[in-house]
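For reference, the structure discussed in these notes is given below.
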Amino acid sequence: MQDITSAIQIIPLEHYVFLCVTLFSIGLLGVLFRRNTIIILMCIELMFNSVNLLVAAFSAYHSDPAGQVFVFFIMIVAAAEVAVGLSILVMMKRNVDSVDINLLNRLKW
Amino acid sequence: MSALIFTIVLGIIVLYLGFTKNKAILAPVAIAGLGVSLILSIRDWGLGSKYFHDMILLDNFSIAFNISMIIITILIFLFGVDYYETMEFHVAEHYALMLFALTGAFLMTSFSNLIMLFLGIEILSIPLYVLAGGKKYSYRSNEASFKYFMLGSFATAIFLFGIALVYGASATFYLPEIKTYIAQFNGHLPPMLMVGLLFILIGVAFKIAAAPFHFWSPDVYEGAPTLVTAFMATVVKTAGFAAFYRLLGMGLLPLPPQLEKALWVMTGLTLLIGNLGALKQNNFKRLLAYSAISHSGFLMLAMLSQHDSSASVLLYYTFVYSLATVPLFIIFILMKRASDGLEDLTIFRGLYKAKPWVAVPAIVLLMSLAGIPPTSGFMAKYQVFVLSISQGILLTSIFAIIMAIIGVYYYFFVIREIFTDKQQPYPIIVSKINGALIIVCTVAVLFMGIFMWRLPI
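In the order they appear, the protein sequences are chains X and P.
Those letters in the first sequence? Residues 10 to 118, per my numbering, in order.
Those letters in the second sequence? Residues 61 to 517, per my numbering, in order.
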């Protein structure tokens, strides 16, 4: 465990922050601009995982195990969300035979 | 705490009762179980116990909100007896998922750690994504479910990123420690902490449907099954506000001036969009969705006033709002059946002539939502304004009062339709439980407006 923490600390903290912000922004822009619902789901996963990486890096730098426990919680919740999301997607696919988000336009204003 | 554990076990029991193929026992078991958790909650009153390394603090604030949410859930389950009468499959799952969502709501009122807040929000939301898609073959229900899921998890991701940044700055998830950490900067926060707090506030504002993060709410309210809409409009909103208030009071106040300004702008926008958006709605569920947004605005005004009595005002407001909203959804379902599945406002035509004893409660409940005396909705709004004006927040209070007056206008759309003469294609059939629920809620709304102006907290 001590080895991993010191291995994480070889790279300066700023690099982790920049990497995670970049990953998060890619996910965020993907959710906003992609039209395929499966890719949107992947982008949401990307956002969750960038948070995981960030919390793990901070946790190593603060020498505080609470952050690493939080990562497990996030992973579990993300798995549950994807399970629900994919089943909603399958339900939608059965009804309209497409996963294009532009079809979701019956409810508005 | 025993109430929380009992509710989870109750959910599992109800889920397995679904195998007996006997729909009639589900609602009684669920309601009796909720009665037990109500008693278990009351027994914890005044103890202020802590669990899981102080990650949960069960004080009077959380118990009062828990009791209010249990009572509203019991009302919704009583509504469910009639609502699920015609449904063949998966009734047990609906009750069980609502019970699981309720446990998430319990966590949201009693956290003292950001991890617990995150878990509470997710335990509340994930069952709701499923419940919103409860009508499997209805495309509108699918759409509502998918929109709610996508925007909900998007907001969760933003919220999590905020938690990560705050953790990076302060090296703790505990709210009291974050409060002392923030206090040492005297309002000049480092940028990472500032962005983190902003992201956390955005995530929670999404859950309570405050503008400009309200876009999901009318669509989801319209598409979801009506019972689930009633659940979302009442229990979820109560839990969201309890969590927001606790988050601010326990950890984030006093906010840096920029963020506080942002919250005030959010309050004003919520009031404006909620009330003006409702004016042109023709679908009753959408109308109630916009009315829920505008009520969020009043609640935010009470929350941001930062006074000792804010919590009590929030509790009173959310409780009487929920008491008025649930029976209105029941009346909506009755009229929807009588008019062969329509959802616009014209379905209320002829209600007064056909069933005056349903029409009068409907009018009282709408007046309560609009805030007209002697109903409790008036007392709730009155207390919010007294609180905010006594705290010296004049401009926003005056703006909110103007918005409340505009709000009266669109509730009277519905009242006008009730008095219009027209025969609906089918007779209005009110089952005994529904009739009793409507009457009891109306009496409670009137009683609380005249005699009971404050709830203990």
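Each residue gets a CB set at the ideal place from its N, CA and C atoms; glycine is no exception.
Nearest C-alpha to residue 45 of chain X among X/112, X/108, X/36, X/70: X/108.
Residue 68 of chain X and residue 86 of chain P have their C-alpha atoms spaced approximately 46 Å apart. Per DSSP, reduced to three states, the secondary structure at residue 370 of chain P is helical. Interface annotation, residue 104 of chain X: in contact with chain P, CB-CB separation under 8 Å. Spatial neighbours of residue 439 of chain P in its own chain (CB-CB distance under 6 Å, excluding positions within 5 residues in sequence) are listed in chain order as 509, 513. Within the same chain, and ignoring the five residues on either side of residue 75 of chain P in sequence, the residues whose Cβ sits closer than 7 Å to its Cβ are 152, 153, 156. Just so you know, the alpha carbons of residue 27 of chain X and residue 191 of chain P end up roughly 38 Å apart. Pairwise C-beta distances place the region 294-308 of chain P out of contact with the region 238-249 of chain P, as fewer than three of them are shorter than 8 Å. As the crow flies, the alpha-carbon of residue 125 of chain P is around 36 Å from that of residue 115 of chain X. The C-alpha of residue 206 of chain P lies about 25 Å from the C-alpha of residue 390 of chain P.
Using a CB distance cut-off of 8 Å, residue 39 of chain X does not count as an interface residue toward chain P. Taking the Cβ atoms as the reference, residue 429 of chain P lies roughly 11 Å from residue 422 of chain P, outside the contact range of under 8 Å.
In this structure residue 289 of chain P is buried. Its beta-carbon is surrounded by 16 or more other beta-carbon atoms within 10 angstroms.
For residue 103 of chain P, the number of other beta carbons within 10 angstroms of its own is below 16, and it is reported as exposed. Inter-segment contact for the region 309-316 of chain P and the region 230-247 of chain P is present: three or more beta-carbon pairs are separated by less than 8 Å. Look at residue 217 of chain P: its C-beta is under 8 Å from a C-beta on chain X. Taking the beta carbon of residue 368 of chain P as reference, no residue of chain X falls within 9 Å; the closest one sits roughly 32 Å away. Rounded to whole angstroms, residue 64 of chain X and residue 168 of chain P show a C-alpha spacing of 22 Å. Residue 359 of chain P is not a Cβ neighbour of residue 375 of chain P, given a cutoff of 8 Å. A distance of 8 Å or more separates the beta carbons of residue 477 of chain P and residue 392 of chain P.
Cα atoms of residue 166 of chain P and residue 62 of chain P: separation of roughly 11 Å, rounded to the nearest angstrom. Of the other Cβ atoms in all chains shown, fewer than 16 fall within 10 Å of the Cβ of residue 325 of chain P; this residue is therefore exposed.
The beta-carbon of residue 109 of chain X is placed no less than 8 Å from the nearest beta-carbon of chain P. Rounded to whole angstroms, the gap between the alpha carbons of residue 14 of chain X and residue 283 of chain P is 49 Å. Judged by DSSP secondary structure, residue 70 of chain X falls outside any beta strand (DSSP E) and instead within the alpha helix (DSSP H) spanning 46-71. In this structure, residue 175 of chain P places its C-beta atom within 8 Å of the C-beta atom of residue 115 of chain P.
Within its own chain, the residues whose Cβ lies closer than 6 Å to the Cβ of residue 33 of chain X, once the five positions on either side in sequence are excluded, are 56, 59, listed in chain order.
Restricting attention to alpha helix (DSSP H) runs no shorter than 4 residues, the region 179-249 of chain P encloses them at 199-230, 235-243, ordered along the chain. Between residue 49 of chain X and residue 40 of chain X, the beta carbon gap of about 5 Å places them in contact (Cβ cut-off 8 Å). Below the 9 Å Cβ cutoff, chain X contributes 82, 86 as neighbours of residue 179 of chain P, in chain order.
Here residue 475 of chain P carries a helix assignment [DSSP, helix/strand/coil]. Its chain contains 409 as the residues whose beta carbon lies nearer than 6 Å to that of residue 480 of chain P, once the 5 sequence neighbours on both sides are disregarded; these appear in chain order. Contact between residue 256 of chain P and residue 222 of chain P holds, since their C-beta atoms are separated by about 5 Å, short of 8 Å. If you check the CB distance, residue 343 of chain P and residue 466 of chain P do not come in under 8 Å.
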